[in-house]
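These notes are about the structure you will find just below.
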Amino acid sequence: MAVLAAPHLTLVSEQPHAASLPAGHAQVNALYAEYGAKIHRFLRDLLGDPTLAKDATQETFVRAYTRLSALDPTLRVAPWLFGIANNVSLEMRRARSRAGRCFVSGTEADAPCPGSPEKSFLEREELSVVNTALASLPEERRAMLLLRLDHGLSYDDIAVTMSCSLAKVKVEIFRAREHLRAAKAAYEGKQ
Amino acid sequence: MSCERAIEVEDWTLGLLEASEAESVGTHVLSCADCQEAKAMFDEERGLFEVRAAADTTPLPPLVMPKPSLFARLHAGRAVSAIAALAACAIAVIGGAHAFAPDDCAPVTTPAMTLTAPPSEEVLTCKAPITEARLFSELAPTTPAPLASQEPPTLACMDRATCDLQDDTLSF
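One line per chain: the protein sequences are A and B, in this order. Here the working numbering = 1-based position in the first sequence + 2. Here the working numbering = 1-based position in the second sequence + 2.
Laid out in structure tokens, this is it:
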């Protein structure tokens with residue numbers, strides 16, 4: 003198979019010009035170990051459903067496996083993987099809208115926070131505000147903001163991942179950050 | 003926050019810049035109040051997401067990859083589907099080209115109708131030109147002639163060899 007017959011393939015990791023991985027399953031497993039949690043979090047934020055996000059994560063890495071041979075070795079892996087994840091998320095959202103299932107707003111705000119109970123409470127409050135603000139953003143804008151602030155991608159990489167222009171990325175992220183700041187200011191004003 | 007290098011500062015914070023660029027931006031940040039403000043704001047926002055990521059303790063299940071044989075079958079299936087789709091497209095294009103040829107869009111000229119009789123029979127043709135007067139005269143109702151004046155029909159014997167009737171004509 004073409005994918006397995008590429009042992010020389012070098013993947014550029016988050017650290018540029020780094021990891022050289024063996025072919026096939028081993029490569030994908032290494033990618034999963036490095037990016038699995040990030041991709042899962044990204045998909046959970048986009049889909050709003052932890053269970054669906056797990057399926058989408060699996061699907062993302064299976065697709066990554068089938069497309070390893072087509073990967074340009076000079077490209078960074080993170081934008082490539084997030085691009086696949088974004089496509090998987092789009093397909094799942096379309097399928098879900100066809101099936102008529104409702105969107106489960108917010109993510110796992112009830113996850114336990116380490117630290118003192120007071121700190122934990124405040125963090126959970128703050129996280130809840132962030133999650134609510136995120137959930138109220140349009141999907142594309144939310145994805146761009148997450149890629150920038152949560153996953154630390156450059157504007158150029160986000161443009162590649164989302165298949166849109168750099169100017170659009172800048173505008174969308176600017177607006178999303180304004181929205182986030184307004185939500186945070188409103189929360190802090192209440193306190 | 004009006005400095006043009008604000009995005010560069012963010013990239014610098016994220017560690018996305020090359021060493022030479024990073025040094026340049028680092029020097030710039032020290033002297034630019036706008037960029038210092040932009041960096042502080044970005045750090046604050048990013049801090050929120052870092053807390054959020056740290057709070058994410060969802061255990062990720064191990065990656066379950068389908069067996070290579072399944073991929074082989076999938077690829078084979080896709081190849082067959084692609085060939086079938088290609089063939090269908092080719093048929094559609096050829097068939098479509100035939101069905102929707104530009105000539106077909108031209109007004110259809112129907113061939114002149116000719117009445118041809120079977121070869122054994124005499125062809126009925128009217129040599130005289132059809133004029134309006136003739137047409138009306140032929141279509142006008144005619145009064146039937148009385149029975150007595152009518153010529154009796156003649157029957158011809160078709161099988162002269164076996165027929166007992168020797169006369170060619172039977173009269174009634």
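From the three backbone atoms N, C-alpha and C, an ideal C-beta is built for every residue, glycine too.
1. At the level of alpha carbons, what is the spacing between D13(B) and M43(B)?
2. Can you tell me the Cβ-Cβ gap for M67(B) and Y67(A), rounded? I've got them flagged as a contact below 8 Å.
3. Specify, as a first and last residue, the run of the alpha helix (DSSP H) that T15(B) falls within.
4. Looking only at C-alpha atoms, which of N89(A), P75(A), R69(A), S71(A) sits nearest to I41(A)?
5. In the structure shown, what three-state DSSP assignment does R95(A) receive?
6. Tell me whether V95(B) is buried or exposed, calling it buried when 16 or more other Cβ atoms sit within 10 Å of its Cβ.
7. Use the C-beta contact count for I93(B): other C-beta atoms within 10 angstroms, 16 or more gives buried, fewer gives exposed.
8. Span of the alpha helix (DSSP H) holding M43(B)?
9. Select from the segment 23-47 of chain A all residues with a C-beta closer than 7 Å to any C-beta belonging to chain B, and list them in chain order.
10. Is any beta-carbon of chain B found at less than 9 Å from that of F84(A)?
11. Below 8 Å between beta carbons is the criterion; list the residues of the segment 45-66 of chain B that meet it against any residue of chain A, in chain order.
12. Please report the distance separating the alpha-carbon of L155(A) from that of S167(A).
13. Using a cut-off of 7 Å between C-beta atoms, extract the partners of G154(A) located in chain B.
14. Is R69(A) helix, strand or coil when you go by DSSP?
15. I want to see whether chain A comes within less than 9 Å of I85(B), judged by CB atoms only; does it?
16. Between E58(A) and L45(A), which are expected to be in contact by the criterion C-beta below 8 Å, what is the C-beta distance as a whole number of angstroms?
17. Roughly how many whole angstroms lie between the Cα atoms of E23(B) and R143(A)?
18. Between the segment 5-34 of chain B and chain A, which residues of the former have CB atoms less than 7 Å from a CB of the latter, in chain order?
19. Taking the C-alpha atoms as reference points, what is the distance between L33(A) and A39(A)?
20. Less than 9 Å between the C-beta atoms of Q131(A) and A185(A), yes or no?
21. What does the alpha-carbon distance come out to for the pair D158(A) and E93(A)?
22. In chain order, what residues of the same chain have a beta carbon less than 6 Å from the beta carbon of G85(A), not counting five sequence neighbours either side?
23. According to DSSP, is D152(A) part of a helix, a strand, or is it coil?
24. Quick one: list the residues of chain B neighbouring E128(A), beta-carbon separation under 8 Å, in chain order.
25. Compute the beta-carbon to beta-carbon distance between V31(B) and L19(B), rounded to the nearest angstrom, for a pair I have assumed lies under 8 Å.
Answer, in terms of the structure:
1. Counting from one through the second sequence, the residue named residue 13(B) turns up at place 11. Counting from one through the second sequence, the residue named residue 43(B) turns up at place 41. Going by the C-alpha atoms only, they are around 13 Å apart.
2. On the second sequence, residue 67(B) is found 65 positions in, with the first residue counted as 1. On the first sequence, residue 67(A) is found 65 positions in, with the first residue counted as 1. Contact flag correct, Cβ pair sits at about 6 Å.
3. Taking the first residue of the second sequence as 1, we reach residue 15(B) at position 13. That run of the alpha helix (DSSP H) goes 8-16.
4. Here residue 41(A) corresponds to residue number 39 of the first sequence, with the count starting at 1. Comparing Cα positions, the closest option is N89(A).
5. The count along the first sequence starts at 1 and reaches residue 95(A) at position 93. Three-state DSSP puts R95(A) in a helix.
6. Position 93 of the second sequence, counting from 1, holds the residue named residue 95(B). Exposed, because fewer than 16 other Cβ atoms sit within 10 Å of the Cβ of V95(B).
7. Counting from 1 along the second sequence, the entry for residue 93(B) is found at position 91. I93(B) comes out exposed.
8. As a working note, residue 43(B) is residue 41 in the second sequence. Per DSSP, M43(B) belongs to the alpha helix (DSSP H) from 35-57.
9. For the segment 23-47 of chain A, the residues whose beta carbon sits under 7 Å from a beta carbon of chain B are, in order, H27, V30, N31, Y34, G38, A39, H42, R43.
10. Reading the first sequence from its first residue, position 82 is the one you call residue 84(A). It does not; no Cβ of chain B falls within 9 Å.
11. Within the segment 45-66 of chain B, the residues whose Cβ lies closer than 8 Å to some Cβ of chain A are E47, R48, L50, F51, V53, R54, A55, A56, A57, D58, T59, T60, L62, P63, L65, V66, listed in chain order.
12. Locating residue 155(A) in the first sequence gives position 153, where the first residue counts as 1. Locating residue 167(A) in the first sequence gives position 165, where the first residue counts as 1. About 15 Å.
13. For the purposes of this step, residue 154(A) is taken as residue 152 along the first sequence, with counting starting at 1. Contact note: G154(A) reaches chain B through L16, using a C-beta cutoff of 7 Å and chain order.
14. By 1-based counting over the first sequence, the position of residue 69(A) is 67. Three-state result, R69(A): coil.
15. For the purposes of this step, residue 85(B) is identified with residue 83 of the second sequence, where counting begins at 1. For I85(B), the closest Cβ of chain A is not nearer than 9 Å.
16. The residue you call residue 58(A) lines up with position 56 of the first sequence. The residue you call residue 45(A) lines up with position 43 of the first sequence. It is worth fixing the name first, because residue 58(A) is Ala in this sequence and not Glu. The pair is a contact, with the Cβ atoms about 4 Å apart (cut-off 8 Å).
17. Start at 1 with the first residue of the second sequence, and residue 23(B) comes out as number 21. Start at 1 with the first residue of the first sequence, and residue 143(A) comes out as number 141. The C-alpha of R143(A) is placed about 28 Å away from the C-alpha of E23(B).
18. Look at the segment 5-34 of chain B: the residues with a C-beta under 7 Å from a C-beta of chain A are I9, D13, L16, L18.
19. The sequence position of residue 33(A) within the first sequence is 31, counting from 1. The sequence position of residue 39(A) within the first sequence is 37, counting from 1. Answer to the nearest angstrom: the Cα atoms are 10 Å apart.
20. Taking the first sequence and counting its residues from 1, one reaches residue 131(A) at position 129. Taking the first sequence and counting its residues from 1, one reaches residue 185(A) at position 183. In the sequence as presented, Gln is not what sits at residue 131(A); that position holds Val. Their beta carbons are under 9 Å apart, which means V131(A) touches A185(A) by this criterion.
21. Translated into positions along the first sequence, residue 158(A) becomes position 156. Translated into positions along the first sequence, residue 93(A) becomes position 91. For D158(A) and E93(A), the gap between their C-alpha atoms comes out near 24 Å.
22. Here residue 85(A) refers to the residue found at position 83 when the first sequence is read from its first residue. Cβ within range, chain order: T163.
23. Position 150 of the first sequence holds residue 152(A). D152(A) falls in the helix class under three-state DSSP.
24. Translated into positions along the first sequence, residue 128(A) becomes position 126. Chain B residues near E128(A): L50, V53.
25. Start at 1 with the first residue of the second sequence, and residue 31(B) comes out as number 29. Start at 1 with the first residue of the second sequence, and residue 19(B) comes out as number 17. That pair is no contact at about 12 Å.
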